[in-house]
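In what follows, a single structure is set out as C-alpha coordinates and then discussed.
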Amino acid sequence: MRHRNIASAVILVIFAAAACQHPSPVNDLPPKPRAVGDLDPVEMVRALEYPDDDRDVQRRFAAIMVGLMRELSAIELLNEKMVIDRSPRVRAAAAFALGEMKDFTSIEPLVNATHDRVGAVRIAAIHALGQFEDPAAEDRLKEMAKDFGPEALAAVRAIAERNSVARQDIIKGLSLDDPRRFMESGEPYAPESGRAWYVDATDGDDQGEGSKASPFKTLNRAIKELRGGAGDRLFATSGRDEAPFRESVTLPFEMSGTRNAPTVLAAWPDRPPPILDGATAEKPDEPAEEDGIHLDADFVQVDGFTVRHFRDSGIDLNGVTGCVISHCTVEACDRHGIFLYYAPDNALIEPTVRKCNYQGISIRSSPRALVLGGLSERNGIDGLLFLWDSDDGVVDGFTARGNQRGLGLIQGSNDLRVFRSVLEGNKEADLSLEPDSSVQVVASKVVKTQ
869 MRHRNIASAV ILVIFAAAAC QHPSPVNDLP PKPRAVGDLD PVEMVRALEY
919 PDDDRDVQRR FAAIMVGLMR ELSAIELLNE KMVIDRSPRV RAAAAFALGE
969 MKDFTSIEPL VNATHDRVGA VRIAAIHALG QFEDPAAEDR LKEMAKDFGP
1019 EALAAVRAIA ERNSVARQDI IKGLSLDDPR RFMESGEPYA PESGRAWYVD
1069 ATDGDDQGEG SKASPFKTLN RAIKELRGGA GDRLFATSGR DEAPFRESVT
1119 LPFEMSGTRN APTVLAAWPD RPPPILDGAT AEKPDEPAEE DGIHLDADFV
1169 QVDGFTVRHF RDSGIDLNGV TGCVISHCTV EACDRHGIFL YYAPDNALIE
1219 PTVRKCNYQG ISIRSSPRAL VLGGLSERNG IDGLLFLWDS DDGVVDGFTA
1269 RGNQRGLGLI QGSNDLRVFR SVLEGNKEAD LSLEPDSSVQ VVASKVVKTQ
(Lines of atoms letter the chains of each structure in order from A and count residues from 1; the text may use other names and numbers.)
(Lines give C-alpha, C1' and ligand atoms only; values in the text may rest on other atoms or scores of the structure.)
Protein backbone atom coordinates (compact mmCIF):
# COMPACT_ATOMS: atom_id res chain seq x y z
CA MET A 1 0.00 0.00 0.00
CA ARG A 2 1.03 3.62 -0.50
CA HIS A 3 0.20 4.84 2.99
CA ARG A 4 3.57 6.54 3.45
CA ASN A 5 4.27 9.15 6.06
CA ILE A 6 1.84 11.62 4.51
CA ALA A 7 1.10 13.28 7.82
CA SER A 8 4.71 14.36 8.20
CA ALA A 9 4.80 15.57 4.62
CA VAL A 10 1.71 17.68 5.02
CA ILE A 11 2.86 19.28 8.24
CA LEU A 12 6.53 19.86 7.54
CA VAL A 13 5.93 21.31 4.09
CA ILE A 14 3.50 23.91 5.38
CA PHE A 15 5.47 24.60 8.57
CA ALA A 16 7.94 26.40 6.38
CA ALA A 17 5.28 28.28 4.46
CA ALA A 18 3.62 29.44 7.65
CA ALA A 19 6.85 30.40 9.32
CA CYS A 20 7.95 32.65 6.48
CA GLN A 21 5.01 35.01 6.88
CA HIS A 22 5.48 38.43 8.35
CA PRO A 23 4.26 38.60 11.95
CA SER A 24 1.05 40.47 12.56
CA PRO A 25 0.35 42.14 15.87
CA VAL A 26 -2.37 40.91 18.18
CA ASN A 27 -5.11 43.51 18.24
CA ASP A 28 -6.35 45.00 21.49
CA LEU A 29 -9.85 44.14 22.60
CA PRO A 30 -12.37 46.76 21.42
CA PRO A 31 -13.90 48.57 24.38
CA LYS A 32 -17.48 47.94 23.23
CA PRO A 33 -19.34 45.19 21.38
CA ARG A 34 -19.50 45.54 17.61
CA ALA A 35 -22.77 45.59 15.72
CA VAL A 36 -22.94 43.04 12.90
CA GLY A 37 -25.70 43.89 10.45
CA ASP A 38 -29.06 43.97 12.19
CA LEU A 39 -28.25 41.15 14.60
CA ASP A 40 -29.01 41.70 18.27
CA PRO A 41 -26.25 40.50 20.65
CA VAL A 42 -28.81 39.64 23.31
CA GLU A 43 -30.72 37.45 20.85
CA MET A 44 -27.48 35.74 19.82
CA VAL A 45 -26.66 34.92 23.44
CA ARG A 46 -30.16 33.56 23.90
CA ALA A 47 -29.76 31.38 20.78
CA LEU A 48 -26.47 30.07 22.13
CA GLU A 49 -28.39 28.66 25.10
CA TYR A 50 -30.76 26.55 22.97
CA PRO A 51 -30.78 23.15 24.73
CA ASP A 52 -31.99 20.86 21.95
CA ASP A 53 -29.50 19.02 19.73
CA ASP A 54 -31.46 19.66 16.53
CA ARG A 55 -30.51 23.35 16.75
CA ASP A 56 -26.75 22.82 16.53
CA VAL A 57 -26.53 25.00 13.41
CA GLN A 58 -28.21 27.94 15.17
CA ARG A 59 -26.02 27.57 18.26
CA ARG A 60 -22.88 27.40 16.15
CA PHE A 61 -23.87 30.54 14.24
CA ALA A 62 -24.74 32.29 17.50
CA ALA A 63 -21.34 31.47 19.00
CA ILE A 64 -19.52 32.84 15.97
CA MET A 65 -21.57 36.03 15.85
CA VAL A 66 -21.26 36.64 19.60
CA GLY A 67 -17.50 36.49 19.13
CA LEU A 68 -17.52 38.88 16.19
CA MET A 69 -19.71 41.29 18.16
CA ARG A 70 -17.34 41.10 21.16
CA GLU A 71 -20.36 40.51 23.40
CA LEU A 72 -18.47 40.28 26.70
CA SER A 73 -21.51 39.15 28.67
CA ALA A 74 -21.29 35.81 26.84
CA ILE A 75 -17.74 34.89 27.89
CA GLU A 76 -18.75 32.66 30.79
CA LEU A 77 -21.35 30.88 28.65
CA LEU A 78 -18.86 30.39 25.81
CA ASN A 79 -16.29 28.92 28.21
CA GLU A 80 -18.97 26.48 29.34
CA LYS A 81 -20.13 25.61 25.82
CA MET A 82 -16.57 24.94 24.70
CA VAL A 83 -16.34 22.19 27.32
CA ILE A 84 -19.77 20.60 27.68
CA ASP A 85 -21.67 21.14 24.43
CA ARG A 86 -22.39 17.81 22.76
CA SER A 87 -21.78 19.19 19.27
CA PRO A 88 -18.06 19.44 18.43
CA ARG A 89 -18.84 22.13 15.88
CA VAL A 90 -20.45 24.27 18.55
CA ARG A 91 -17.44 23.68 20.82
CA ALA A 92 -15.13 24.77 18.01
CA ALA A 93 -17.25 27.87 17.32
CA ALA A 94 -17.10 28.78 21.02
CA ALA A 95 -13.30 28.53 20.92
CA PHE A 96 -13.23 30.82 17.87
CA ALA A 97 -15.44 33.36 19.66
CA LEU A 98 -13.22 33.37 22.75
CA GLY A 99 -10.22 34.06 20.55
CA GLU A 100 -12.02 37.03 19.04
CA MET A 101 -12.82 38.43 22.49
CA LYS A 102 -9.30 37.99 23.90
CA ASP A 103 -10.45 37.89 27.52
CA PHE A 104 -7.66 36.51 29.70
CA THR A 105 -10.05 34.44 31.83
CA SER A 106 -10.50 32.23 28.76
CA ILE A 107 -6.86 31.18 28.47
CA GLU A 108 -7.09 28.23 30.86
CA PRO A 109 -10.31 26.87 29.29
CA LEU A 110 -8.74 27.23 25.83
CA VAL A 111 -5.62 25.36 26.95
CA ASN A 112 -7.88 22.60 28.24
CA ALA A 113 -9.77 22.57 24.93
CA THR A 114 -6.54 21.71 23.09
CA HIS A 115 -7.03 18.25 24.64
CA ASP A 116 -10.56 17.84 23.22
CA ARG A 117 -11.18 14.45 21.61
CA VAL A 118 -12.20 16.12 18.32
CA GLY A 119 -9.51 17.60 16.11
CA ALA A 120 -11.58 20.53 14.87
CA VAL A 121 -12.07 21.72 18.45
CA ARG A 122 -8.38 21.36 19.26
CA ILE A 123 -7.39 23.38 16.19
CA ALA A 124 -9.95 26.11 16.93
CA ALA A 125 -8.59 26.39 20.48
CA ILE A 126 -5.02 26.62 19.17
CA HIS A 127 -5.91 29.45 16.79
CA ALA A 128 -7.71 31.22 19.64
CA LEU A 129 -4.68 30.92 21.93
CA GLY A 130 -2.66 32.59 19.19
CA GLN A 131 -4.62 35.78 19.87
CA PHE A 132 -3.18 36.14 23.38
CA GLU A 133 0.14 37.67 24.41
CA ASP A 134 0.40 35.52 27.51
CA PRO A 135 3.07 33.05 28.75
CA ALA A 136 0.55 30.27 29.42
CA ALA A 137 -0.86 30.51 25.90
CA GLU A 138 2.59 30.70 24.34
CA ASP A 139 3.91 27.75 26.34
CA ARG A 140 1.04 25.54 25.19
CA LEU A 141 1.55 26.57 21.56
CA LYS A 142 5.27 25.81 21.75
CA GLU A 143 4.53 22.42 23.29
CA MET A 144 2.09 21.48 20.53
CA ALA A 145 4.36 22.77 17.76
CA LYS A 146 6.90 20.05 18.61
CA ASP A 147 4.49 17.31 17.51
CA PHE A 148 3.25 16.26 14.06
CA GLY A 149 -0.23 16.62 12.64
CA PRO A 150 -2.72 19.40 11.90
CA GLU A 151 -2.60 20.55 15.52
CA ALA A 152 1.14 21.10 15.25
CA LEU A 153 0.64 22.98 12.00
CA ALA A 154 -1.95 25.21 13.64
CA ALA A 155 0.40 25.88 16.56
CA VAL A 156 3.30 26.74 14.25
CA ARG A 157 1.13 29.10 12.24
CA ALA A 158 -0.18 30.77 15.39
CA ILE A 159 3.38 31.29 16.59
CA ALA A 160 4.62 32.41 13.17
CA GLU A 161 2.07 35.22 13.11
CA ARG A 162 3.32 36.64 16.39
CA ASN A 163 6.29 38.87 17.04
CA SER A 164 7.74 36.76 19.84
CA VAL A 165 10.79 34.80 20.91
CA ALA A 166 8.82 31.62 20.34
CA ARG A 167 8.44 32.59 16.69
CA GLN A 168 12.20 32.71 16.23
CA ASP A 169 12.64 29.42 18.07
CA ILE A 170 10.14 27.56 15.97
CA ILE A 171 11.24 28.75 12.51
CA LYS A 172 14.93 28.09 13.15
CA GLY A 173 16.15 25.49 10.69
CA LEU A 174 12.99 25.28 8.62
CA SER A 175 13.53 25.39 4.86
CA LEU A 176 11.48 25.79 1.70
CA ASP A 177 14.18 24.18 -0.46
CA ASP A 178 12.64 20.78 -1.10
CA PRO A 179 9.28 20.06 0.52
CA ARG A 180 8.80 16.77 -1.36
CA ARG A 181 11.74 15.16 0.41
CA PHE A 182 9.62 14.80 3.53
CA MET A 183 7.64 12.06 1.77
CA GLU A 184 10.63 9.84 1.11
CA SER A 185 10.67 7.90 4.37
CA GLY A 186 8.75 7.21 7.50
CA GLU A 187 6.35 4.85 9.17
CA PRO A 188 2.95 4.09 7.59
CA TYR A 189 0.49 6.93 7.97
CA ALA A 190 -2.48 4.63 8.56
CA PRO A 191 -1.64 2.13 11.31
CA GLU A 192 -3.54 -1.12 10.96
CA SER A 193 -5.23 -0.78 14.32
CA GLY A 194 -8.88 -0.88 13.29
CA ARG A 195 -11.10 -3.29 11.44
CA ALA A 196 -10.84 -3.90 7.70
CA TRP A 197 -13.87 -4.21 5.44
CA TYR A 198 -13.82 -5.34 1.80
CA VAL A 199 -16.07 -4.44 -1.13
CA ASP A 200 -16.15 -6.02 -4.62
CA ALA A 201 -18.41 -4.40 -7.23
CA THR A 202 -18.43 -7.56 -9.37
CA ASP A 203 -18.64 -10.53 -7.02
CA GLY A 204 -19.61 -8.96 -3.69
CA ASP A 205 -22.85 -9.48 -1.78
CA ASP A 206 -24.30 -7.02 0.73
CA GLN A 207 -25.53 -10.03 2.71
CA GLY A 208 -21.94 -11.20 3.08
CA GLU A 209 -19.51 -10.68 5.94
CA GLY A 210 -17.49 -7.84 4.41
CA SER A 211 -14.35 -9.97 4.62
CA LYS A 212 -11.81 -10.80 1.91
CA ALA A 213 -13.52 -14.14 1.37
CA SER A 214 -17.05 -12.70 1.52
CA PRO A 215 -16.93 -9.01 0.51
CA PHE A 216 -19.82 -6.59 0.39
CA LYS A 217 -21.08 -5.39 -2.99
CA THR A 218 -21.73 -1.69 -2.33
CA LEU A 219 -19.63 0.98 -0.68
CA ASN A 220 -22.54 2.29 1.36
CA ARG A 221 -23.08 -1.13 2.91
CA ALA A 222 -19.46 -1.22 4.07
CA ILE A 223 -19.52 2.38 5.28
CA LYS A 224 -22.24 1.45 7.77
CA GLU A 225 -19.63 -0.65 9.58
CA LEU A 226 -17.01 2.09 9.98
CA ARG A 227 -16.45 3.45 13.47
CA GLY A 228 -15.18 6.92 14.25
CA GLY A 229 -11.76 7.16 15.86
CA ALA A 230 -11.03 3.45 15.48
CA GLY A 231 -8.74 3.52 12.45
CA ASP A 232 -11.16 1.39 10.42
CA ARG A 233 -10.32 0.73 6.77
CA LEU A 234 -12.50 0.06 3.75
CA PHE A 235 -10.84 -1.63 0.76
CA ALA A 236 -12.73 -1.56 -2.55
CA THR A 237 -12.26 -3.10 -5.99
CA SER A 238 -14.19 -2.96 -9.25
CA GLY A 239 -13.60 -6.72 -9.47
CA ARG A 240 -12.86 -9.04 -12.36
CA ASP A 241 -15.45 -7.30 -14.58
CA GLU A 242 -14.14 -3.85 -13.60
CA ALA A 243 -17.70 -2.93 -12.69
CA PRO A 244 -18.32 0.60 -11.38
CA PHE A 245 -20.01 1.39 -8.10
CA ARG A 246 -23.08 3.37 -9.18
CA GLU A 247 -23.74 5.23 -5.94
CA SER A 248 -22.89 8.36 -3.98
CA VAL A 249 -20.89 8.08 -0.76
CA THR A 250 -21.04 10.33 2.33
CA LEU A 251 -18.94 10.01 5.48
CA PRO A 252 -20.66 11.85 8.35
CA PHE A 253 -18.80 13.63 11.11
CA GLU A 254 -19.35 10.67 13.47
CA MET A 255 -17.00 8.59 11.29
CA SER A 256 -14.06 10.99 11.75
CA GLY A 257 -10.71 9.41 12.34
CA THR A 258 -7.95 10.80 14.51
CA ARG A 259 -4.47 12.03 13.70
CA ASN A 260 -2.96 8.63 14.57
CA ALA A 261 -5.87 6.49 13.38
CA PRO A 262 -7.51 8.00 10.28
CA THR A 263 -10.58 6.47 8.71
CA VAL A 264 -9.43 5.01 5.38
CA LEU A 265 -11.19 4.39 2.05
CA ALA A 266 -8.67 2.77 -0.28
CA ALA A 267 -8.20 0.63 -3.35
CA TRP A 268 -8.02 -3.08 -2.51
CA PRO A 269 -4.32 -3.96 -3.00
CA ASP A 270 -3.50 -6.09 -6.05
CA ARG A 271 -7.08 -5.93 -7.38
CA PRO A 272 -8.61 -3.76 -10.13
CA PRO A 273 -9.00 -0.26 -8.66
CA PRO A 274 -12.45 0.97 -7.60
CA ILE A 275 -14.54 3.10 -9.97
CA LEU A 276 -17.31 5.31 -8.57
CA ASP A 277 -19.68 6.37 -11.36
CA GLY A 278 -22.55 8.84 -10.97
CA ALA A 279 -24.20 7.90 -14.27
CA THR A 280 -26.72 5.11 -14.77
CA ALA A 281 -25.98 2.02 -16.84
CA GLU A 282 -28.70 3.11 -19.29
CA LYS A 283 -27.16 6.58 -19.78
CA PRO A 284 -23.46 6.00 -19.04
CA ASP A 285 -22.30 9.50 -19.99
CA GLU A 286 -25.02 11.50 -18.19
CA PRO A 287 -24.39 12.39 -14.51
CA ALA A 288 -27.28 11.36 -12.26
CA GLU A 289 -25.90 11.51 -8.69
CA GLU A 290 -24.94 14.80 -6.95
CA ASP A 291 -21.50 14.17 -5.37
CA GLY A 292 -19.21 11.18 -5.62
CA ILE A 293 -17.38 11.06 -2.29
CA HIS A 294 -18.60 13.66 0.20
CA LEU A 295 -16.59 14.05 3.40
CA ASP A 296 -18.17 15.61 6.48
CA ALA A 297 -15.62 13.77 8.65
CA ASP A 298 -12.17 14.85 9.81
CA PHE A 299 -8.99 12.79 9.42
CA VAL A 300 -10.09 10.65 6.49
CA GLN A 301 -7.76 9.24 3.86
CA VAL A 302 -9.13 8.39 0.40
CA ASP A 303 -6.67 6.54 -1.82
CA GLY A 304 -6.76 5.11 -5.33
CA PHE A 305 -10.36 5.77 -6.45
CA THR A 306 -11.52 6.78 -9.93
CA VAL A 307 -14.59 9.04 -9.65
CA ARG A 308 -16.58 10.21 -12.67
CA HIS A 309 -19.90 11.57 -13.97
CA PHE A 310 -21.33 13.48 -11.01
CA ARG A 311 -23.59 16.52 -11.22
CA ASP A 312 -21.64 18.57 -8.71
CA SER A 313 -18.23 17.43 -7.44
CA GLY A 314 -16.42 14.15 -7.75
CA ILE A 315 -14.78 14.48 -4.33
CA ASP A 316 -16.14 17.06 -1.90
CA LEU A 317 -14.60 18.10 1.45
CA ASN A 318 -16.98 20.27 3.47
CA GLY A 319 -15.87 21.88 6.73
CA VAL A 320 -13.34 19.16 7.54
CA THR A 321 -9.68 19.11 8.52
CA GLY A 322 -6.78 16.66 8.43
CA CYS A 323 -7.98 14.73 5.34
CA VAL A 324 -5.70 13.32 2.64
CA ILE A 325 -6.93 12.54 -0.89
CA SER A 326 -4.21 10.52 -2.61
CA HIS A 327 -3.75 8.96 -6.05
CA CYS A 328 -7.37 9.57 -7.09
CA THR A 329 -8.61 10.31 -10.61
CA VAL A 330 -11.71 12.47 -11.14
CA GLU A 331 -13.28 12.91 -14.57
CA ALA A 332 -16.26 14.45 -16.36
CA CYS A 333 -18.15 16.08 -13.48
CA ASP A 334 -20.61 18.89 -14.17
CA ARG A 335 -18.99 21.34 -11.73
CA HIS A 336 -15.76 20.57 -9.87
CA GLY A 337 -13.52 17.55 -9.88
CA ILE A 338 -12.30 18.06 -6.30
CA PHE A 339 -13.88 20.75 -4.11
CA LEU A 340 -12.63 21.98 -0.72
CA TYR A 341 -15.16 24.21 1.05
CA TYR A 342 -14.33 25.81 4.42
CA ALA A 343 -11.91 22.92 4.87
CA PRO A 344 -8.52 24.01 6.29
CA ASP A 345 -5.40 21.86 6.61
CA ASN A 346 -6.11 19.15 4.03
CA ALA A 347 -3.88 17.57 1.39
CA LEU A 348 -4.22 16.37 -2.19
CA ILE A 349 -1.49 13.91 -3.18
CA GLU A 350 -1.01 13.13 -6.90
CA PRO A 351 -4.58 13.95 -8.00
CA THR A 352 -5.54 13.58 -11.67
CA VAL A 353 -8.53 15.67 -12.72
CA ARG A 354 -9.82 16.17 -16.24
CA LYS A 355 -12.81 17.22 -18.32
CA CYS A 356 -14.87 18.83 -15.54
CA ASN A 357 -17.09 21.73 -16.61
CA TYR A 358 -15.88 24.32 -14.08
CA GLN A 359 -12.74 23.80 -12.00
CA GLY A 360 -10.61 20.70 -11.95
CA ILE A 361 -9.72 21.52 -8.33
CA SER A 362 -11.48 24.33 -6.43
CA ILE A 363 -10.16 25.35 -3.01
CA ARG A 364 -12.60 27.81 -1.43
CA SER A 365 -12.16 29.42 2.01
CA SER A 366 -9.76 26.59 2.85
CA PRO A 367 -6.41 27.88 4.12
CA ARG A 368 -3.22 25.84 4.31
CA ALA A 369 -4.14 23.40 1.54
CA LEU A 370 -1.36 21.21 0.18
CA VAL A 371 -1.25 19.92 -3.41
CA LEU A 372 1.68 17.56 -4.01
CA GLY A 373 2.11 16.42 -7.60
CA GLY A 374 -0.79 15.69 -9.89
CA LEU A 375 -2.35 16.81 -13.15
CA SER A 376 -5.38 18.95 -14.00
CA GLU A 377 -6.21 19.14 -17.69
CA ARG A 378 -8.98 20.03 -20.15
CA ASN A 379 -11.33 21.48 -17.55
CA GLY A 380 -13.85 24.16 -18.51
CA ILE A 381 -12.39 27.04 -16.49
CA ASP A 382 -9.53 26.54 -14.01
CA GLY A 383 -7.16 23.66 -13.55
CA LEU A 384 -6.61 24.71 -9.92
CA LEU A 385 -8.35 27.66 -8.24
CA PHE A 386 -7.77 29.21 -4.81
CA LEU A 387 -10.55 31.62 -3.82
CA TRP A 388 -12.11 33.43 -0.88
CA ASP A 389 -9.19 33.67 1.55
CA SER A 390 -7.61 30.31 0.84
CA ASP A 391 -4.29 31.52 2.22
CA ASP A 392 -0.93 29.85 2.90
CA GLY A 393 -1.26 26.98 0.44
CA VAL A 394 1.59 24.95 -1.02
CA VAL A 395 1.62 23.50 -4.55
CA ASP A 396 4.58 21.31 -5.53
CA GLY A 397 5.21 19.30 -8.69
CA PHE A 398 1.77 20.06 -10.16
CA THR A 399 0.86 20.31 -13.86
CA ALA A 400 -2.07 22.28 -15.32
CA ARG A 401 -2.61 22.27 -19.08
CA GLY A 402 -5.40 22.57 -21.61
CA ASN A 403 -7.73 24.45 -19.25
CA GLN A 404 -9.14 27.94 -19.77
CA ARG A 405 -6.81 29.05 -16.95
CA GLY A 406 -4.12 26.93 -15.36
CA LEU A 407 -3.77 28.20 -11.78
CA GLY A 408 -5.92 31.02 -10.41
CA LEU A 409 -5.87 33.03 -7.18
CA ILE A 410 -8.82 35.32 -6.54
CA GLN A 411 -10.79 37.06 -3.79
CA GLY A 412 -8.05 37.55 -1.24
CA SER A 413 -6.17 34.26 -1.45
CA ASN A 414 -2.64 35.12 -0.34
CA ASP A 415 0.81 33.69 0.26
CA LEU A 416 0.53 30.64 -2.01
CA ARG A 417 3.87 28.88 -2.64
CA VAL A 418 4.32 27.09 -5.98
CA PHE A 419 7.35 24.83 -6.50
CA ARG A 420 8.55 22.76 -9.48
CA SER A 421 5.21 23.01 -11.27
CA VAL A 422 4.34 23.26 -14.96
CA LEU A 423 1.60 25.67 -16.03
CA GLU A 424 1.43 25.73 -19.82
CA GLY A 425 -0.89 25.32 -22.77
CA ASN A 426 -3.88 26.87 -21.03
CA LYS A 427 -6.06 28.98 -23.30
CA GLU A 428 -6.43 32.29 -21.46
CA ALA A 429 -3.63 32.26 -18.90
CA ASP A 430 -1.37 29.76 -17.19
CA LEU A 431 -1.27 31.82 -14.00
CA SER A 432 -4.12 34.22 -13.20
CA LEU A 433 -3.79 36.51 -10.21
CA GLU A 434 -6.21 39.14 -8.90
CA PRO A 435 -4.71 42.28 -7.28
CA ASP A 436 -5.80 41.24 -3.77
CA SER A 437 -4.07 37.84 -3.98
CA SER A 438 -0.39 36.88 -3.88
CA VAL A 439 1.85 33.98 -4.89
CA GLN A 440 5.53 33.00 -4.77
CA VAL A 441 6.66 30.84 -7.72
CA VAL A 442 9.92 28.84 -7.44
CA ALA A 443 11.59 26.66 -10.09
CA SER A 444 8.38 26.37 -12.12
CA LYS A 445 7.46 26.74 -15.78
CA VAL A 446 4.79 29.40 -16.32
CA VAL A 447 4.25 30.53 -19.91
CA LYS A 448 1.40 33.06 -19.74
CA THR A 449 0.41 35.19 -16.75
CA GLN A 450 -2.57 37.47 -16.25
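869 is the number of the first residue of the sequence shown in my numbering; add one for each residue after it. The beta-carbon is built from N, C-alpha and C at its ideal position, and this holds for glycine as well.
When beta bridges are read from the DSSP output, Glu1011 appears opposite no residue. For Thr1070, the CB contacts under 6 Å within the same chain, skipping 5 residues up- and downstream, are Gly1107, Arg1108, Asp1109, Ala1111 in chain order.
Ranked by Cα distance from Trp1256, the first of Arg1285, Pro1212, Tyr1226 is Pro1212. Leaving aside the five residues that flank Phe1266 on each side, the residues in its chain whose CB is nearer than 6 Å to its CB run, in chain order, Val1239, Gly1242, Ser1289. As the crow flies, the alpha-carbon of Ala1023 is around 18 Å from that of Cys1191. In the three-state scheme derived from DSSP, where H, G and I count as helix and E and B as strand, Leu1094 is classed as coil. Partner residues in the beta bridge of Lys1313, as assigned by DSSP, are Val1290. Close CB contacts of Asp1074 within its chain, under the 8 Å cut and outside five residues either way in sequence, are with Phe1084, Lys1085, Thr1086, Arg1089 (chain order).
For the 7 Å CB-CB criterion, Pro956 and Val989 form a contact.
Bounds of the beta strand (DSSP E) holding Ala1135 are 1131-1135. Sixteen is the threshold: when 16 or more other Cβ atoms of the shown chains lie within 10 Å of the Cβ of Phe1287, as they do, the residue is buried. Restricted to the region 903-972, the alpha helix (DSSP H) segments that are unbroken, complete and at least 4 residues in length are 909-916, 924-937, 943-952, 956-969, listed in chain order. Gly1251 is a Cβ neighbour of Ala1268, given a cutoff of 7 Å.
Looking at the backbone, the Cα of Gly1078 and that of Tyr1066 are separated by about 5 Å.
Shown here, Asn1128 sits in coil according to DSSP, grouped into three states, outside any helix or strand.
Shown here, Ile1143 sits in a strand according to DSSP, grouped into three states.
For Phe1121, the secondary structure class from DSSP, reduced to helix, strand or coil, is helix. Ranked by Cα distance from Thr1220, the options Ile1091, Ser941, Tyr1209, Asn1247 are led by Asn1247. Val1262 is bridged by DSSP to Leu1238, Arg1285. Apart from sequence neighbours up to five positions away, the residues of its chain that approach Gly1172 with a beta-carbon distance below 8 Å are Arg870, Ala1134, Ala1135, Pro1141, Pro1142, Ser1194, His1195, Cys1196, ordered along the chain.
DSSP places Ala1111 outside both helix and strand once states are collapsed to three, so it counts as coil.
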